[in-house]
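Numbering (full-length UniProt numbering), first residue to last: 1 to 589.
Cβ atoms here follow ideal geometry from the backbone N, Cα and C, with glycine treated the same way.
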């Protein structure tokens, strides 16, 4: 009887605990839902003809509150709806004032919805709105076609897919070189790598190879929350990668097998790390035709394995991510919103000053100071960059970089300015971003000169990392990446799962400010009447994987005789450097 009584009491206690968990979970869900409903009221109020909608801070604060719900409760049913609402709000802001940054953010949040909640009933809607952003507002028919096609492939039986089928009837398929190839594997948690995955050449392409490929070197960079390993191969290869769980004395590890390849005789086989993410890495000739790389893992959140085909080299890249997320955005009150019409087509009261209406950069909103700037003079050493009239891009980029460093250090002695190179030396593209991450830079500024087969082309333009189907932007990226347009399309795949990165938003803001300030500096100097070619986006490898806001500026055309003559002079180089500094200062302020 005593035992039975004890057992009954135990059952009752367990039952009460289960009830408390059940009702506690229900109460939690209800609280989130109640908060969502309050924000949703604000959302609907913004689309009514009331004074509430005329104030920019009401839009920004509503966005903030939806974003808080998504970030705080990503598993709640209201999270995907919040992302959809944010995308719509940014889209409306763009309709009103035509600011590109709002459209970019709208696309980022629609893509977040489809990437992070592919099973949601709202995912197809988000994908459709994303495609519409490209078609109707960016006027980019090529990317619009690809996004509509993606919707049809992933959600074939939805009403959104039916609308997408009608849309693509009016659009031409993009050229093959610009098409986004099959989806590259996204960053995965170690447990998701229990099954082998393959990359690189197809089985048939690998079999056609006449001789094995040389694995010439392995580079490694690391911080406590980010690591990158780059396996340099002389030509394209097929490779396999897989995660292995802990067993016996061995901990978790991931290996990469590179088929039909070999190591040189003198090769450093062990790479010590002990950085909190990787204990060590080993490289060995596994068998006659396979090179194996093994990484012993410690604390790892995500792993991404991908490859890049450059002009003279093939790179297999392993990016390892720890816990390194920044807090969320908070925005102060803004002024009235400048606008032509609201979503219903009616006129709204406007004011000229939009500065505070725009989203404050993440670093500024969090009160984070820019303490360390990384300046990256393009090319160097055996890589001269663009050449014209006896001038080499690498030399001018270095001089401008050193001038920019000098200006920043003089005006901000409290700041640290580091150079990826401070002399004429070769540095690979992946090493530049890795240096910025390893030294924990707050901003990354890559300085370049442009080139064109048409001598009359002139001007300044600034880029940030993003997808594009613009032929011109792709050709500039191909030049700087030392690759072909075909391999650029492969690089665009990798960006598919980077589109939700908040650094894209900040990089876009930084690019806008640097472009405007640099062009203004040249204009004010009255030395030369150049052209403002604006801010563009493209898949630059040197910006890929940067853990901070990063841009690439093309500060003039080396192939234009007049710009070439000016770019040789210390006076004009200082004007450009001063302009870049002013853009950085505006971003910091």
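Of all C-beta pairs linking the stretch 91 to 105 to the stretch 115 to 127, fewer than three are shorter than 8 Å, placing the two stretches out of contact. For residue 558, no beta strand (DSSP E) segment is defined, and its DSSP state is neither H nor E. For the pair residue 43 and residue 78, the CB atoms are not nearer than the 7 Å cut-off. Residues of the same chain with a CB within less than 7 Å of the CB of residue 388, apart from the 5 flanking positions on each side, are 451, 558, 559, 564 in chain order. Going by beta carbons, residue 168 and residue 227 fall outside the 7 Å limit. Annotation: the stretch 378 to 424 contains the following complete segments of the beta strand (DSSP E) (minimum length 3 residues), in chain order: 416 to 419. 7 Å or more divides the Cβ of residue 372 from the Cβ of residue 287.
At least 7 Å separates the beta-carbon of residue 131 from that of residue 116. Nearest to residue 106 by alpha-carbon distance, out of 511, 82, 255, 460, is 82.
By the Cβ criterion, the stretch 226 to 246 is in contact with the stretch 313 to 320, since at least three pairs of Cβ atoms, one from each stretch, lie closer than 8 Å. DSSP places residue 511 inside the alpha helix (DSSP H), whose first and last residues are 502 to 525. Put simply, the stretch 430 to 444 does not touch the stretch 384 to 401. Fewer than three CB pairs are less than 8 Å apart. Rounded to the nearest whole angstrom, the CA to CA distance from residue 544 to residue 378 is 15 Å. For residue 298 and residue 250, the gap between their C-alpha atoms comes out near 11 Å. Cα atoms of residue 383 and residue 233: separation of roughly 19 Å, rounded to the nearest angstrom. In this structure, the CA atom of residue 427 is about 15 Å from the CA atom of residue 540. The secondary-structure analysis by DSSP pairs residue 462 across a beta bridge with 535, 553. The DSSP-derived three-state label of residue 450 is strand. Each of 386, 208, 526 was checked against the Cα of residue 453, and the nearest Cα belongs to 386. Spanning the alpha carbons of residue 245 and residue 257 requires a straight line of approximately 17 Å. Assigned with DSSP and collapsed to three states, residue 92 falls in helix.
If you draw a straight line from the Cα of residue 391 to the Cα of residue 575, it is about 19 Å long. Each residue's CA atom was taken as its position, placing residue 151 and residue 158 some 9 Å apart. Cα atoms of residue 476 and residue 40: separation of roughly 43 Å, rounded to the nearest angstrom.
Membership of residue 288 in any alpha helix (DSSP H) is not indicated, and neither H nor E is assigned to it by DSSP. Of the candidates 407, 421, 406, 417, the residue whose Cα lies closest to the Cα of residue 380 is 421.
Rounded to the nearest angstrom, the gap between the Cα atoms of residue 162 and residue 153 is 11 Å.
Distance from the Cα of residue 252 is smallest, within the candidate group 243, 260, 259, for 243. Non-local beta-carbon contacts of residue 171 in its own chain, meaning distances under 8 Å to residues more than five positions away in sequence, involve 135, 141, 144, 145, 148 in chain order. With distances taken between CA atoms, residue 424 lies nearest to 401 out of 401, 55, 414, 433. Annotated as distal: residue 63 and residue 84, with beta-carbon spacing of 7 Å or more. Considering only 562, 438, 98, the residue with the shortest C-alpha distance to residue 527 is 562.
Residue range 570 to 588 is occupied by the alpha helix (DSSP H) that includes residue 582. Scanning 56, 54, 55, 80 for the CA closest to the CA of residue 66 turns up 80. DSSP places residue 232 outside any alpha helix (DSSP H); the residue lies instead in the beta strand (DSSP E), whose first and last residues are 226 to 233.
Taking the CA atoms as reference points, residue 521 sits about 21 Å from residue 376.
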